[in-house]
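So the sequences go chain by chain: A and B.
Just so it is clear: in the first sequence, position 82 is 1520 by this note's numbering, and no numbers are missing.
Just so it is clear: in the second sequence, position 39 is 531 by this note's numbering, and no numbers are missing.
Even glycine gets a Cβ: it sits at the ideal position worked out from N, Cα and C.
The structure displayed is predicted, hence computed values, not measured ones.
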Amino acid sequence: QKEVEQDPGPLSVPEGAIVSLNCTYSNSAFQYFMWYRQYSRKGPELLMYTYSSGNKEDGRFTAQVDKSSKYISLFIRDSQPSDSATYLCAMKGTSYDKVIFGPGTSLSVIP
Amino acid sequence: GAVVSQHPSWVICKSGTSVKIECRSLDFQATTMFWYRQFPKQSLMLMATSNEGSKATYEQGVEKDKFLINHASLTLSTLTVTSAHPEDSSFYICSATRLAGFLETQYFGPGTRLLVL
């Protein structure tokens, strides 16, 4: 079993839809959870960073962490064509641990 | 957010030559930098962890004599692909860690696309 699993997609949604992106993980020691967005041929860009369980909201983006289920989600409201990218979840145990990345989900928002 | 730059953004070279890629943290000091490799439609593969003033720590399966890493200062790390071959063609991305409060956050560079002919 891989440490971090993520549906690779591709996921295609109409503009304005609510998008739900998810990751599952196996290591219960993970405490720090991140979502990165990567446009084609570019480096990943940090979107959200959360610690432990709970929700965090930033504009149209909401990150949820359920440590009991080892499941994290990223919700995108009012999706835009500019949201079309690959979304990578990432996590680590302590602040100084190596980050483990999911394989990424490719998202296309159709105008 | 923090800014990390990479140079060059793309490079084409002949087989057998060496290529150096620079990674700089522009507005913060990074005690740790990471080098990743990414193949098309695949996730990031960590190659090595680079700490300022000490030898890099390589991941299993990564040849340290082929991928030379130097972390000369708190703002600069370099990756040299020695005697490059076509199979080394890939997208190389660096990242630098920045401590904000108790959170150590990783910021990525824009990547360097290497094509070895």
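When the cut-off is 7 Å and only beta carbons count, does residue i lie next to chain A?
i         : result
Ile-585/B : yes
Leu-536/B : yes
Pro-532/B : no
Gly-473/B : Because chain B here runs from 493 to 609, residue 473/B falls outside it and cannot be looked at.
In this structure, does DSSP put residue i in helix, strand or coil?
i          : result
Asp-1504/A : strand
Ser-1520/A : helix
Glu-579/B  : helix
Thr-509/B  : coil
Pro-1534/A : It should be pointed out that residue 1534/A corresponds to Tyr in this sequence rather than to Pro. Of the three classes helix, strand and coil, the one that applies to Tyr-1534/A here is coil, per DSSP.
Glu-1483/A : strand
Phe-520/B  : coil
Since residue i and residue j are thought to touch, with beta carbons under 8 Å apart, how far apart are those beta carbons, to the nearest angstrom?
i          : j          : result
Thr-604/B  : Pro-500/B  : 6 Å
Ala-494/B  : Tyr-599/B  : 4 Å
Ala-588/B  : Met-525/B  : 5 Å
Gly-1540/A : Ala-1523/A : Their Cβ separation, rounded to whole angstroms, is 14 Å, which puts Gly-1540/A and Ala-1523/A out of contact at 8 Å.
Ile-1548/A : Val-1457/A : In fact, because the Cβ distance is near 12 Å, the residues do not count as touching under 8 Å.
Ser-1544/A : Pro-1448/A : 4 Å
Gly-1454/A : Asp-1496/A : Incorrect: roughly 19 Å between the Cβ atoms, too far for contact.
The beta strand (DSSP E) spanning residue i covers which residue range?
i          : result
Gly-1492/A : 1492 to 1496
Asn-543/B  : 537 to 543
Glu-1453/A : No beta strand (DSSP E) holds Glu-1453/A; DSSP gives it neither H nor E.
Arg-1475/A : 1470 to 1476
Quick check on residue i - is its C-beta less than 7 Å from some C-beta in chain B?
i          : result
Gly-1492/A : no
Lys-1480/A : yes
Phe-1513/A : no
Val-1451/A : no
Gly-1542/A : yes
Val-1537/A : yes
Residues of chain E with CB under 7 Å from residue i, in chain order?
i          : result
Ser-1533/A : Among the chains of the structure shown, chain E does not appear; the protein chains present are A and B.
Cβ of residue i within 6 Å of any heavy atom in the ligand ZN?
i          : result
Tyr-1534/A : Questions concerning the ligand ZN fall outside what the structure shown contains, since it holds no ligand whatsoever.
Next on the checklist: Count Cβ pairs between the region 575 to 582 of chain B and the region 1458 to 1472 of chain A that sit closer than 8 Å; are there 3 or more?
Outcome noted: no
Next on the checklist: Contact between the region 513 to 528 of chain B and the region 1490 to 1506 of chain A is defined here as three or more beta-carbon pairs at a separation below 8 Å; is this criterion met?
Outcome noted: no
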